[in-house]
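J.: Got a structure for you, questions after.
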Amino acid sequence: MIAALSVGNLADVPQTYAEAADDVGWCKAIEEELKSLKENSDFANSIVDRKSITGFVIKLNNNVIHWKTKRQNNVLSSAESKYVALATCVTENLFLAQILAEIANFNVYPITVFEDNQSCIKMASTFESKRSKHINIKHHFVRECVTQNKIKLLYINSNKQQADMFTKQLAATKFKYFRDSLNVTLLNEKES
């Protein structure tokens with residue numbers, strides 16, 4: 612999933628720590644937007660314990676500023692695995708949004724989140740089914756965020772799921788494509 616936090620115009624922001632800092636180049640980046648690109652999960656793919664993996668990356672002005680990969684507790688379906696990953700990603704985004712609000716008085720809501728699983732999107736809306744009643748309540752806070760207009764969920768094609776590189780074994784060409792789309796530069800390339 613992709614999540615985008617819009618932060619408005621920096622010209623309207625009063626004097627803050629950002630303006631007093633020596634290097635305020637990041638301020639211009641914040642003006643454009645903070646993006647959490649691609650939450651993803653891989654359902655029961657670990658051959659050791661069959662646990663699913665959550666992965667996501669957050670970008671600021673097209674530069675990676677935060678990423679996470681972690682093993683999930685047991686889940687019963689790929690949609691639940693995506694939903695758990697979505698909750699983790701939204702939590703991290705809300706934390707970063709809160710930091711931006713405190714540092715520079717930004718209003719970043721709603722965060723646009725692009726998800727590649729339709730069932731996950733339905734679970735995060737008001738949809739309730741017998742198959743999802745077992746999901747831990749802590750993950751349903753995503754619904755609350757949607758209702759409160761803190762996040763907006765949109766569908767994105769799985770072929771554009773950059774976080775796959777954090778959760779799955781990929782062919783070298785696809786891995787390099789995602790790596791390059793995240794603006795990751797190999798150290799030996801940078802030196803030459």
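Taking my numbering, I'd label the letters of the sequence shown as residues 612 to 803.
Where is the CB? At the ideal position from N, CA and C, for every residue including glycine.
Computed from a prediction, not measured in an experiment: that's the story for all the values here.
1) List the endpoints of the continuous beta strand (DSSP E) containing valine 675.
2) I'd like the list of long-range same chain contacts for asparagine 760, defined as Cβ closer than 7 Å, with 5 residues on each side in sequence excluded.
3) Note the first and the last residue of the continuous beta strand (DSSP E) segment covering valine 724.
4) What does the alpha-carbon distance come out to for the pair asparagine 794 and tryptophan 678?
5) Determine which residues share a DSSP beta bridge with leucine 764 and list them.
6) Helix, strand or coil: how does DSSP classify valine 719 here?
7) Tell me the DSSP secondary structure of serine 730 in three-state form.
8) With DSSP run on the structure shown, which of helix, strand or coil describes valine 757?
9) Return the chain-ordered list of same chain residues with a C-beta closer than 7 Å to the C-beta of cysteine 731, the five sequence neighbours on each side being excluded.
10) Taking the alpha carbon of asparagine 770 as the point to measure from, which residue in Asp727, Ala735, Lys779, Val757 has its own alpha carbon closest?
11) Take serine 663 as the anchor and find which of Thr796, Asp775, Val724 has the nearest alpha-carbon.
12) Just tell me which of Asn674, Ala735, Val675 has its CA closest to the CA of valine 724.
13) Under 6 Å Cβ to Cβ from phenylalanine 789, same chain only, skipping five residues before and after it: list those, please.
14) Report, in whole angstroms, the separation of the C-beta atoms of asparagine 704 and isoleucine 676, which I expect to be a contact under 8 Å.
T.: From the atom records:
1) Following the DSSP letters along the chain, one finds valine 675 inside the beta strand (DSSP E) bounded by residues 674-682.
2) Tyr720, Pro721
3) 722-726
4) Cα to Cα, asparagine 794 sits roughly 13 Å from tryptophan 678.
5) Answer by DSSP bridge pairing, in chain order: Val724.
6) coil
7) helix
8) helix
9) Only Ala690, Lys693, Tyr694, Leu697 meet the Cβ criterion.
10) Asp727
11) Asp775
12) Ala735
13) Gln773, Met776
14) At roughly 11 Å, the Cβ-Cβ gap does not stay under 8 Å, so asparagine 704 and isoleucine 676 are not in contact.
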